[in-house]
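Enquirer: Numbering (the numbering used here), first residue to last: 53 to 542.
Backbone N, C-alpha and C define an ideal beta-carbon position, used for all residues, glycine too.
Got a structure here, written out as structure tokens. Questions coming.
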Amino acid sequence: MSGSSFRAALRALAATRRPAFHMPGHGHVAPAGSPLPADVYALDQSEMAGLDYLHEPTAELAESQVRAAAVFGADRTWYLVNGATVGNLAALWSVARPGGRVLVMRRSHQSVHAAATLAGLEPVHLHPVPDARLQGLFGLDLDQVRHALDETDDVVAVHVTSPDYYGYRLPLEQLAALCHAAGVPLLVDEAHGAHLSFLPGEQGALACGADVVVQSPHKALGSLTQSALLHLRGGRVDPDRVAEGLLMLQSSSPSALLTLSLDAVVEGLETDGAARWARSGALASRAAAATGPDGLPLVSPRSPLPRGVSGTNPCKLLLDAARYGLTSAGLRDVLARHDVYPEFTDQDCVVLSITAGTTPGDVDLLLGVLGELAAAVPVAAGGADTRLALWPDRPAERALPGRTALQSPRAVVPLDEAAGAVVAAALTPYPPGVPLVLPGEVLSPALVRTVEGYLAAGVTVRGLVPLPDGGPGVRCVAEAAAQPPSVRTA
Numbered sequence: 053m054s055g056s057s058f059r060a061a062l063r064a065l066a067a068t069r070r071p072a073f074h075m076p077g078h079g080h081v082a083p084a085g086s087p088l089p090a091d092v093y094a095l096d097q098s099e100m101a102g103l104d105y106l107h108e109p110t111a112e113l114a115e116s117q118v119r120a121a122a123v124f125g126a127d128r129t130w131y132l133v134n135g136a137t138v139g140n141l142a143a144l145w146s147v148a149r150p151g152g153r154v155l156v157m158r159r160s161h162q163s164v165h166a167a168a169t170l171a172g173l174e175p176v177h178l179h180p181v182p183d184a185r186l187q188g189l190f191g192l193d194l195d196q197v198r199h200a201l202d203e204t205d206d207v208v209a210v211h212v213t214s215p216d217y218y219g220y221r222l223p224l225e226q227l228a229a230l231c232h233a234a235g236v237p238l239l240v241d242e243a244h245g246a247h248l249s250f251l252p253g254e255q256g257a258l259a260c261g262a263d264v265v266v267q268s269p270h271k272a273l274g275s276l277t278q279s280a281l282l283h284l285r286g287g288r289v290d291p292d293r294v295a296e297g298l299l300m301l302q303s304s305s306p307s308a309l310l311t312l313s314l315d316a317v318v319e320g321l322e323t324d325g326a327a328r329w330a331r332s333g334a335l336a337s338r339a340a341a342a343t344g345p346d347g348l349p350l351v352s353p354r355s356p357l358p359r360g361v362s363g364t365n366p367c368k369l370l371l372d373a374a375r376y377g378l379t380s381a382g383l384r385d386v387l388a389r390h391d392v393y394p395e396f397t398d399q400d401c402v403v404l405s406i407t408a409g410t411t412p413g414d415v416d417l418l419l420g421v422l423g424e425l426a427a428a429v430p431v432a433a434g435g436a437d438t439r440l441a442l443w444p445d446r447p448a449e450r451a452l453p454g455r456t457a458l459q460s461p462r463a464v465v466p467l468d469e470a471a472g473a474v475v476a477a478a479l480t481p482y483p484p485g486v487p488l489v490l491p492g493e494v495l496s497p498a499l500v501r502t503v504e505g506y507l508a509a510g511v512t513v514r515g516l517v518p519l520p521d522g523g524p525g526v527r528c529v530a531e532a533a534a535q536p537p538s539v540r541t542a
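Right, dumping it as structure tokens:
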């Protein structure tokens, strides 16, 4: 992995100790008592020392991004140092225009809803598809998208998430065809799928025809946390608008450590990406074979797919905690006591990811713990139905535009008294970071029960405020002025 000119340039700077009358203030020397290795400070260089600048790259970083585009199959790739969040922000900014509307999945990450608000776009929500067998809502109905494209004026783009946080994937090829026939770009939040195009027999969003794809390589590929990628393909989105958005939205002091980690991932994928992910894919298949499908409703190609879903992320494992006689929080805690740490839990399930860092020993440990638990609880062949995620059966009613609600006077109301109030700040179970209620929406009694259900299951709900008596409070609009809604439902 010696071919990276960016790495060579950074190492050359790090090897030269010289008086630095500029940022960063540590002068590339570890402060006394720092727990970080000295190399971290030596490599924490900036454009002040002559390093290529991320916002206007002309040399080594420009070359590294060109190599990344080739590896991932993009026309152009940008390195991100503010996570996939800034990628979603820049993606929607790049297509925004006055009066524009964007078709967006309601069950998108919080950054997507924030992006629509900041870009001044009117979101038209695409709602998930109910699945009676799994007692949940999943995926996307292509007929709903087609209808929304036909019936909605001034649509500038369609934004979707695939795969989602449970590993479910959308029919992106068909979706891209719908979008392109309507003359609009398809933007994909592929934060959890940066590895897909390197798995045998799989393909990522770019290969399916997406125009802009945002990825979080730190989730599976091994770059540092907060590093991300934004890819552009085709001519439907202006690359200058993307670059302008990133200039406004990203830090003006980008971390060389984060860009170095992205550069290293790209070089590793160039060198042996297919072989490496063949090994990771084999580990995921082994784990899937050992835990299902008879014993568990598992995210696996062998399990029946929910409606509105076309496939799965093979590197996600979804465990129904009830099959082990435990709550999801209980199963998570048992796993943690054996040094097995899952991705996240909801009310019913524990979600695990197989990544570039997963070893055969890790899988041995996981399967050993699960085997002991399963032996103690009889499991009926074929498995029972389970809810994979608690989600309201009906979408929340919109009372105010999101921006209006965010900027309105607010009051904190106890959660158990908040039914009927208009929320001023999103309520978001985290992880995975999908808002249950958005600013400007009405908190119905059913939604109050849903939030209480998350809290009872030990899931953190961001946006709640601790009250003096220890109970949860909700930021609500103090006086909801009568205004037409800014969000439509397709």
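#1: Apart from the five residues just before and just after Leu-248, which ones in its own chain have a Cβ nearer than 6 Å to its Cβ?
#2: Flag this pair as touching only if the segment 322-329 and the segment 152-162 have three or more C-beta atom pairs under 8 Å; answer yes or no.
#3: Taking 8 Å as the threshold, find out whether the segment 285-305 comes into contact with the segment 143-152 through three or more Cβ pairs.
#4: Considering just the uninterrupted stretch of the beta strand (DSSP E) at Pro-412, what are its terminal residues?
#5: Leaving out the 5 sequence neighbours to the left and right, which residues in its chain are closer than 7 Å to Leu-273 when beta-carbon positions are compared?
#6: Beta carbon of Gly-492, beta carbon of Ala-470: below 8 Å?
#7: Can you check whether the CB of Leu-499 is closer than 8 Å to the CB of Ala-473?
#8: Do Ala-373 and Arg-462 have their C-beta atoms closer together than 8 Å?
#9: DSSP has Gln-278 in a bridge; who is on the other side?
#10: Per DSSP, what are the beta-bridge partners of Met-300 in this structure?
#11: Out of Met-100, Gly-125, Leu-62 and Pro-109, point me to the one whose CA is closest to Ala-94's CA.
#12: Closest by CA to Thr-9, which one among Pro-520, Cys-260, Val-181 and Asp-398?
#13: Leaving out five residues before and five after Thr-169 in sequence, what residues of the same chain have Cβ atoms less than 6 Å from its Cβ?
#14: Around the C-beta of Phe-393, are 16 or more other C-beta atoms found within 10 angstroms, so that it is buried, or is it exposed?
#15: Considering only DSSP beta bridges, list what Cys-528 is partnered with.
#16: Among Ala-233, Leu-192 and Leu-419, which has the Cα closest to the Cα of His-390?
#17: Going by alpha carbons, who is nearest to Asp-241 out of Ala-327, Cys-260, Gly-151 and His-211?
#18: Would you say Ala-72 and His-80 are within 8 Å of each other, going by their C-beta atoms?
#19: Return the Cβ separation of Leu-467 and Leu-516 in integer angstroms, given the expectation that the two are a contact with Cβ distance under 8 Å.
#20: Which partner residues does Gly-188 have in the DSSP bridge list?
#21: Terminal residues of the continuous alpha helix (DSSP H) containing Gln-399?
#22: Exposed or buried, which one is Pro-349 when buried takes at least 16 other CB atoms within 10 Å?
#23: Can you give the Cα-Cα distance for Gly-85 and Leu-507, rounded to whole angstroms?
#24: Looking at Gln-267: is its Cβ nearer than 8 Å to the Cβ of Val-133?
Expert: On the basis of the data shown:
#1: Glu-254 and Gly-256
#2: With a cut-off of 8 Å, the segment 152-162 and the segment 322-329 do not count as touching, because too few Cβ pairs lie within range.
#3: yes
#4: Element bounds for Pro-412: not the beta strand (DSSP E) but the alpha helix (DSSP H), 412-428.
#5: Sequence-distant partners of Leu-273 (beyond 5 residues in either direction) whose C-beta falls short of 7 Å from its own C-beta, in its chain, are Ala-246, His-247, Val-317 and Ala-408.
#6: no
#7: no
#8: No, the Cβ-Cβ distance between Ala-373 and Arg-462 is not below 8 Å.
#9: DSSP, once it has assigned bridges, lists no residue as partnering Gln-278.
#10: According to DSSP, which records beta bridges pairwise, Met-300 is partnered with nothing at all.
#11: Leu-62
#12: The requested residue 9 is not part of the displayed model; the chain covers only 53 to 542.
#13: Gly-454 and Arg-455
#14: Phe is not the amino acid found at residue 393; the sequence shown has Tyr there. Tyr-393 should be labelled exposed.
#15: For Cys-528, the pairing in a beta bridge is given by DSSP as Ala-463 and Val-475.
#16: Distance from the Cα of His-390 is smallest, within the candidate group Ala-233, Leu-192 and Leu-419, for Leu-419.
#17: His-211
#18: yes
#19: 7 Å
#20: Asp-183
#21: Segment: none, Gln-399 is in no alpha helix (DSSP H) and carries neither H nor E.
#22: No answer about Pro-349 holds up, because its pLDDT of 40 lies below 50 and its placement is not dependable.
#23: Using only the alpha carbons, I get a separation of about 39 Å.
#24: no
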